Structures are given as C-alpha cells and as structure tokens.
Amino acid sequence: MSLVFPHTFVPWFRSVAPYIHAYRGETFVVGMPGELVAAGKLNAFVQDLSILHAMGIKIVLVHGFRPQVAEQLAAKGHASHYSHGLRITDEVTLDCAQEAAGQLRFEIEAAFSQGLPNTPMANATVRVVSGNFLTARPVGIVDGVDFKHSGIVRKVDAAAIQRAIDSGAIVLLSPFGFSPTGEAFNLTMEEVATSAAIALQADKLLFMTEVAGVHEKWDDPSSPIDTELALADAERMLAALPRPTQPTDVAFYLQHCVKACQAGVERSHILPLAVDGALLQEVYTHDGIGTMVVDEKLESLREATPDDVGGIVALIEPFERDGTLVKRDRNEIERDIEAYTVIEHDGVIFGCAALYPYVEARTAEMAALTVSSAVQGQGDGDRILKRIEQRAKAQGLTSIFVLTTRTMHWFIKRGFQPVDPEWLPEERKRKYNRDRRSQVLVKKLV
C-alpha cells in the first residue's frame with residue numbers, strides 16, 4: 027500500500043459517511059438506457075448499483091432498449107418509425123422489443139450474479155426480482171398517427187414492488203406493460219421510471235443519459251453544467267425549450283425530472299453514462315455530477331438548533347487540531363447553540379459561525395467561522411458573514427469583530443480593519459489570551 031494512500035483514503039471515507047447514514051433505507055429508482063449496455067458499461071454499472079444496495083439503499087432498476095430494438099429491426103430489414111419522440115410499435119417492432127427485453131433481462135441478471143474475487147461483487151448476494159408490475163394502455167392515435175402497440179403506463183403495482191425491495195431484492199422493470207386483457211404494450215424507459223418513482227414516492231429518480239447534464243445556459247454547450255436546478259427554474263426552462271424528439275435534446279430527460287418532482291419525488295437526476303462511477307459520484311459527494319432537479323435548494327443557511335451540535339463539533343474539530351480555531355468543548359457549543367448560524371446541504375453541515383453580542387458596547391464577536399475544506403472557495407464563508415452581519419444589525423449593534431491568527435487577509439478583503447486589543451469591550455478584554463496573540467479585526471455595520 028502506498029504511504030500516501032491512507033492520507034487520501036481516510037479523509038475521503040469519513041467525508042462519505044454522512045451520505046451513507048442519510049441514504050440508508052431510502053428508495054432510488056434508476057433509469058438505465060440501452061445505450062449504456064451497448065457501450066459495454068453494464069458490468070461496471072451493476073457493480074455500482076450493488077454498492078448502493080450494500081449501503082442499505084432500496085433500488086428499482088428500469089432498463090431501456092432503444093439500440094437493441096433498432097439492431098433487431100435492422101437484422102430483419104425493418105425500418106424504425108418515430109413520431110412525437112415515441113417509437114411506433116407495429117407487430118414486427120413488438121416482436122423485436124420482446125426479444126431485446128428478454129436478452130437484456132438475462133444479461134442484467136447475469137451481471138448481478140457475478141461474485142468474482144477482488145471485485146465489488148465479491149461475496150455479494152443480490153437477488154433480482156422482475157414481474158408484471160405495470161398495467162398499460164395504448165397511446166392510440168395522436169395527430170392522425172396510429173402508435174399501434176406503443177403504450178402509456180396506466181398503473182404501477184407499488185405495493186408489490188415495495189414488498190420486494192423491503193425484502194432486500196432489487197426490482198428490475200422492463201419497458202413493457204400489459205392491459206387487463208393481456209395485450210402487451212411497448213413503453214418508454216423514461217416514463218416507466220418516472221411513473222414508478224412517483225408511485226413509490228421514491229427519494230431519488232436517477233437517469234443515466236448520453237448527455238453530461240443541463241448546462242447553466244441550456245443553448246450554450248460550452249457553459250458549465252448546472253449541478254443543482256430548482257424545480258421552479260426547471261419549469262421555466264422547460265417552457266422555453268422546443269419539444270424534445272431525441273434523448274440528447276435538453277428537454278428529453280428534464281421533462282421527466284420535472285414531472286417526478288412536481289408529483290412528490292424529492293430529487294431527480296440527469297447523469298452522464300460516459301463517466302465511470304457517475305452514480306457513486308452523484309450519491310456520495312457534495313456537488314455530485316450531472317444535474318439534480320430539486321423542489322427547493324438543498325443548501326440552506328439558517329440558525330442552528332440543538333440537533334446541529336454534533337455536526338458543528340465534527341466540522342470545527344479539524345480546525346481546532348491544527349490551531350486555526352480555539353478549542354471549544356461540546357458542552358460550550360450546546361450552551362451557546364442559539365448563537366450559531368449554519369449552512370446545511372442535504373443534511374450535512376458544511377459551514378458555521380457564532381455571534382456573541384456585547385450590547386453595552388454596541389458590538390459583537392463573530393467566532394468559530396468555519397467552512398468545510400471540501401467546499402471552500404464557493405462563497406459559503408461570505409454567505410455566513412452576511413447572515414451574521416444581518417443578525418448583528420437586527421440587535422441594534424454597530425460593528426462586529428473577530429479574533430484570528432491565520433485568516434487576517436480574508437477578513438481585511440471584506441471590510442475589516444485591524445485594531446489594538448485594547449479596543450475590545452472590557453468583558454472580552456479580560457478573556458483575551460495574550461499568549462495566542464490573536465489579531466483583532468473590526469467591521470463597521472452600515
């Protein structure tokens with residue numbers, strides 16, 4: 027083992043732990059297009075799903091088969107026909123779709139059965155359950171186009187799926203549904219995954235796609251990927267986009283993400299299948315990869331509650347060890363918890379600061395300003411500072427001050443001025459540690 031490896035692995039694994047706790051027992055519906063299989067990425071993707079399953083996440087996997095059906099049709103000399111972005115399923119196409127679905131289910135179940143040593147599947151026992159969980163109805167005739175055996179999801183047997191995933195199995199859904207009379211209908215993976223997520227009120231709907239995500243400027247592919255898109259913004263974007271006809275169109279997956287979130291699914295994701303481990307990166311890292319549509323921003327800036335004490339202790343502990351912050355014990359933080367402001371993202375605290383007013387001197391100390399090293403440089407420190415200033419102004423104070431030994435320049439750039447420690451309010455001056463020689467910086471509030 028490399029001597030460097032423990033120094034990178036251990037902090038990384040500790041940073042992942044909050045997400046492992048947060049997602050255990052939650053339900054994820056994952057949409058996997060046939061393009062992922064065609065690209066030869068099935069085994070690696072199944073290994074990632076198995077890791078999520080081992081971490082206690084309940085998984086419903088929905089597979090697509092667009093390229094596989096196209097290949098079957100080409101072998102039979104039969105052309106593919108689309109309208110309104112949907113495949114028109116005649117008798118020949120239905121036969122090809124059934125053959126492709128059967129082959130894919132076989133390959134997926136075989137991939138989940140692998141237990142090779144030195145792979146993520148070693149010693150894993152993953153049961154895969156599939157069945158007639160979907161009831162469908164025909165698309166019918168739209169704008170004069172008869173879609174024949176193409177269908178729409180009428181009902182998802184959520185109770186049966188829930189029993190299966192509660193038993194520890196992964197449920198595999200093919201894009202087929204059946205009418206009460208036994209007629210088969212060809213469905214789309216995207217609609218099946220969305221309908222299943224809504225019926226189960228899943229915690230996440232995740233689509234593996236051929237796109238990197240939604241760009242901040244949707245019509246400019248050179249703009250950055252928008253990693254977190256509020257539902258209201260996604261709705262406005264969708265209204266401005268042209269009707270999608272191809273999986274690579276911006277609105278193609280976005281429309282399903284919006285529909286799911288509108289119906290109660292907390293978060294919907296568009297992830298790039300071309301990136302190895304994209305699923306793990308999205309679930310177990312702060313910023314993730316691809317685009318997440320969420321009903322409201324996951325990152326919240328708020329005043330702390332007693333439930334936040336453990337998160338604050340964990341956040342500031344590394345900075346206390348290296349001497350950046352003065353040591354505070356847990357009892358002190360519990361006692362002063364109402365003084366703290368925190369930034370929380372997806373249940374994890376990534377930033378904090380405390381405000382200690384000296385009313386007679388009309389000033390206050392901002393203490394323990396901390397932002398996790400994992401997210402530094404993204405403006406969270408400025409957001410906390412602004413909130414602290416607002417809290418101080420609301421109390422009728424005219425300035426705030428900090429004591430620091432290492433971050434003077436950060437504060438000076440934000441309007442703080444150095445002063446002599448004698449400036450401090452008498453009560454605070456008595457507690458000033460002259461051995462530490464902290465610089466006192468003051469900012470006037472206007």
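Heads up, the sequence shown is in the numbering used here, so the first residue is 27 and it goes up one at a time. In this text, a Cβ means the ideal position worked out from N, Cα and C, and glycines have one as well. Small disclaimer: the values here were computed from a predicted structure and weren't measured.
Query raised in the report: Does the beta-carbon distance from A380 to L411 come in below 9 angstroms?
Result: no
Query raised in the report: Just curious, the alpha helix (DSSP H) that P93 is in, first and last residue?
Result: 92-101
Requested in this report: Please say whether I77 and E52 have beta carbons closer to each other than 9 angstroms?
Outcome: no
Query - Of the residues A222, L351, E391, the one placed nearest T431, counting alpha carbons only - result: L351
Report task. Sort V319, Y384, L99, T161 by Cα distance to R262 and report the nearest one. Result -> Here the closest residue by C-alpha is V319.
Report task. Pull up the distance between the alpha-carbon of L467 and that of G422, whole angstroms please. Result -> If I take the Cα positions, the gap works out to 20 angstroms.
Report task. Reducing DSSP to helix, strand and coil, say where M27 ends up. Result -> Caution applies to M27, whose pLDDT of 44 falls short of 50 and renders its modelled position unreliable; the value that the coordinates give is listed next. Three-state DSSP puts M27 in coil, outside helix and strand.
Query raised in the report: What are the uninterrupted segments assigned as beta strand (DSSP E) that are 3 or more residues long and contained completely in the stretch 278-346, given in chain order?
Result: 293-298, 317-320, 325-329
**Report entry** Euclidean distance between Cα positions of T119 and V63
**Finding:** 20 angstroms
Report task. With a threshold of 16 other CB atoms inside 10 Å of the CB of E360, please say whether the residue is buried or exposed. Result -> Under this definition E360 is an exposed residue.
Query raised in the report: Closest to A374 by CA distance: which of G337, F91, G407 is it?
Result: Reading off the sequence, residue 374 comes out as Val, not Ala. That would be G337, whose Cα lies nearest to the Cα of V374.
Report task. Specify whether the stretch 241-252 and the stretch 148-162 touch according to this definition: at least 3 beta carbon pairs, one from each stretch, less than 8 angstroms apart. Result -> no
Requested in this report: Compare the C-beta of N158 against all C-beta atoms of chain C and say whether one is closer than 9 angstroms.
Outcome: Of the protein chains in this structure there is only one, and it is not chain C.
Query raised in the report: Are L297 and M392 closer than 9 angstroms when you measure CB to CB?
Result: no
Query raised in the report: Going straight from the alpha carbon of Y49 to that of L130, what length do you get?
Result: The alpha-carbon atoms of Y49 and L130 are separated by roughly 28 angstroms.
Query - Delimiting residues of the alpha helix (DSSP H) encompassing G128 - result: 117-138
Query raised in the report: Thinking C-alpha only, which one of S176, A43, E117, T220 is nearest V88?
Result: T220
Query raised in the report: Closest to L112 by CA distance: which of H241, A394, C287, Q272 is it?
Result: Q272
**Report entry** Whole-angstrom distance between D229 and A1, CA atom to CA atom
**Finding:** Residue 1 is absent from the structure shown; the chain starts at 27 and stops at 472.
**Report entry** Span of the beta strand (DSSP E), counted from its first residue to its last, around T235
**Finding:** 230-235
Report task. Could you please give the first and the last residue of the uninterrupted beta strand (DSSP E) stretch that includes S425? Result -> 425-430
Query - Alpha carbon of T424 to alpha carbon of R454, nearest angstrom - result: 17 angstroms
Query raised in the report: By how many angstroms is the C-alpha of Q465 removed from the C-alpha of Y382?
Result: Each residue's Cα considered, the two are about 17 angstroms apart.
Query raised in the report: When you compare each of E370, L199, A260 to V55 by their alpha carbons, which one comes out closest?
Result: L199
Query raised in the report: So, do the stretch 279-293 and the stretch 304-314 have three or more beta carbon pairs nearer to each other than 8 angstroms?
Result: With the cut-off at 8 angstroms, the stretch 279-293 and the stretch 304-314 do not touch.
Query raised in the report: For T34, which three-state DSSP category applies?
Result: helix
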